[in-house]
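Each residue of the sequence shown is one higher than the last, beginning at 10 in this note's numbering.
Data first, discussion second: the structure below is written as structure tokens.
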Amino acid sequence: MRWQTLELATSRRVQVLDVTAAVDELCRRSDVRDGLLVVCCEHTTAALCLNEAEPRLLADLEAWLERLVPRGAGYAHDRVDDNADAHLRALLLGHSVVLPVEGGRLRLGAWQRILFVELDGPRARRLRVGV
10 MRWQTLELAT
20 SRRVQVLDVT
30 AAVDELCRRS
40 DVRDGLLVVC
50 CEHTTAALCL
60 NEAEPRLLAD
70 LEAWLERLVP
80 RGAGYAHDRV
90 DDNADAHLRA
100 LLLGHSVVLP
110 VEGGRLRLGA
120 WQRILFVELD
130 GPRARRLRVG
140 V
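Below, the structure is given as structure tokens:
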């Protein structure tokens, strides 16, 4: 497997970025015609998921995360870094996605997009992409 790095910059504390096109470009540059692509987030306060990138759904995602894991709810870790909510939200969403590659291209469903979810920004972030 050949690994490549995708660098991102976020501008808000909680932000969803559609990274599908950038990941697909890295896939097309590889010499793999058929196989698997793995995208891994190197951070404990950010996440990856596969879903539709419709703006209202993304707003719903942010609201859902706030309801499930509200910021400043008295978490012990907040006494260290004041970002326990970001760590807990990342645990819910996960840190990687695995996708099929056919004919040198990602195989996604009609509405599927690879979403990077910033949970403690703004920050510079890195994803590792292996094909």
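Just so it is clear, CB atoms sit at the ideal spot from N, CA and C, and this is done for glycine as well.
Computed from a predicted model, the values in this text were never measured in an experiment.
Selection from the options that minimises the alpha carbon distance to residue i
{"i": "Leu128", "options": "Thr53, Gly139, Gly118, Arg137", "result": "Thr53"}
{"i": "Ala95", "options": "Arg137, Trp12, Arg21, Glu111", "result": "Arg21"}
{"i": "Leu101", "options": "Glu75, Asp27, Ile123, Gly112", "result": "Glu75"}
{"i": "Arg98", "options": "Trp12, Ala119, Val28, Val23", "result": "Val23"}
Proximal residues to residue i (C-beta, below 6 Å), its chain only, five neighbours per side dropped
{"i": "Gln121", "result": "Leu59"}
Beta bridge counterpart(s) of residue i as assigned by DSSP
{"i": "Ser105", "result": "Cys49"}
Run of the beta strand (DSSP E) containing residue i, from where it starts to where it stops
{"i": "Val138", "result": "133-139"}
{"i": "Asn60", "result": "55-60"}
{"i": "Thr19", "result": "Here Thr19 belongs to no beta strand (DSSP E), and DSSP marks it neither H nor E."}
Chain-order list of residues whose beta-carbon lies under 7 Å from that of residue i (same chain, five-residue window excluded)
{"i": "Arg132", "result": "Thr19"}
Endpoints, the alpha helix (DSSP H) within which residue i is located
{"i": "Ala72", "result": "64-77"}
Three-state secondary structure assigned by DSSP to residue i
{"i": "Glu34", "result": "helix"}
Cutoff 8 Å; reference residue i; Cβ partners in own chain excluding five residues on either side
{"i": "Glu61", "result": "Trp120, Gln121, Arg122"}
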